[in-house]
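For the sequence shown, the positions run 13 to 230 when the numbering used here is used. Let me begin by presenting the structure, written as structure tokens, before commenting on it.
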Amino acid sequence: MEFKSGPLLSGIQYPEDLRKLSENQLPQLSNELRDYIVDIVSQKGGHFGASLGVVELTVALHYVFDTPYDNLLWDVGHQAYGHKILTGRKESFHTNRIYQGISGFPKRKESAYDVMGVGHSSTSISAAVGMAVAARLQQQNDRKTVAVIGDGAMTAGLAFEGLNHGGGDGTDLLVILNDNCMSIDPNVGALKEYLTDISTSHTYNKVKDEVWHMLGKF
13 MEFKSGPLLS GIQYPEDLRK LSENQLPQLS NELRDYIVDI VSQKGGHFGA
63 SLGVVELTVA LHYVFDTPYD NLLWDVGHQA YGHKILTGRK ESFHTNRIYQ
113 GISGFPKRKE SAYDVMGVGH SSTSISAAVG MAVAARLQQQ NDRKTVAVIG
163 DGAMTAGLAF EGLNHGGGDG TDLLVILNDN CMSIDPNVGA LKEYLTDIST
213 SHTYNKVKDE VWHMLGKF
């Protein structure tokens with residue numbers, strides 16, 4: 013079965029193609045990418061939620077950062093479907109998680125854009141700290157490192173070790189917390205309660221609404 017992508021997505025094989033688009037075209041591209049994931053995963057199997065929730069984030073990261081020179085790490089591979097499609101694997105995405113097809117997770121031997129092999133979970137921050145330190149030691153001061161981690165993965169000790177080390181030595185590292193309230197089992201603990209308090213607070217939602225309203229005017 014042939015899976016067709018939208019007019020913008022059909023012209024994109026790698027992030028350098030994405031960066032040729034104008035910012036005004038990115039919402040349409042995000043919608044096309046989301047539809048493409050839904051069309052294939054609904055028939056071939058896979059994980060919907062995590063990847064659909066980061067479509068806009070995936071597009072933005074590859075648009076802003078110079079991947080694969082800049083390091084982009086996805087903590088849990090289920091978030092990375094859009095990443096795979098935008099990094100040379102669109103035509104083979106229908107083989108995702110199928111024998112002799114592409115991996116369901118980022119895999120180093122599969123693509124230069126997969127800078128780390130991942131599965132489950134909580135390893136991205138520590139690995140990103142190592143990559144950021146390596147870039148600094150090699151005097152690659154323009155090389156950025158980004159880790160995307162979910163709220164479920166943030167409950168593991170390894171994630172906190174990475175935050176503690178990376179935040180203490182001046183490492184040039186961006187950590188994006190994808191608080192999508194999704195994990196295999198319900199999240200528990202103080203961090204979960206804190207994030208819930210933030211996302212439901214009057215001040216947070218007021219600021220968020222004002223920012224959305226302001227951005228809509230541009």
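Ideal Cβ placement from N, Cα and C applies to all residues, glycine included. All of these numbers come straight from a predicted model, not from anything done at the bench.
With respect to the C-alpha of LEU170, the residue from THR157, SER134, GLU14, ALA72 having the closest C-alpha is SER134. If you look at GLY94, you'll find it in the alpha helix (DSSP H) that goes 93 to 96. ILE52 carries a helical assignment under DSSP once its states are collapsed to helix, strand and coil.
The beta carbons of ALA144 and MET128 sit no closer together than 7 Å.
Per DSSP, reduced to three states, the secondary structure at LEU186 is strand. In this structure, DSSP gives ALA124 a state outside helix and strand, which the three-state scheme calls coil. Distance from the Cα of LEU41 is smallest, within the candidate group PHE60, HIS95, LEU21, for LEU21. For GLY162, the enclosing beta strand (DSSP E) begins and ends at 157 to 162.
Beta-bridge analysis with DSSP links LEU149 to no other residue. Beta-bridge analysis with DSSP links LEU85 to ALA159. A direct Cα-Cα distance of roughly 31 Å separates THR215 from SER136. In chain order, TRP86, PRO118 place their CB closer than 6 Å to the CB of ALA92, counting only its own chain and leaving out the 5 sequence neighbours on each side. The C-beta distance from ILE52 to PHE15 rounds to 5 Å, short enough to fall under 8 Å.
At the C-beta level, TYR26 and GLY113 stay beyond 7 Å of one another. Boundaries for PRO118: no alpha helix (DSSP H) harbours it, and the DSSP string shows neither H nor E there. Ranked by Cα distance from GLU35, the options GLY174, SER115, VAL71 are led by VAL71. Straight through space, the alpha carbons of THR157 and LEU98 are spaced by roughly 18 Å.
In terms of Cβ geometry, VAL130 and GLY89 form a close pair [threshold 7 Å].
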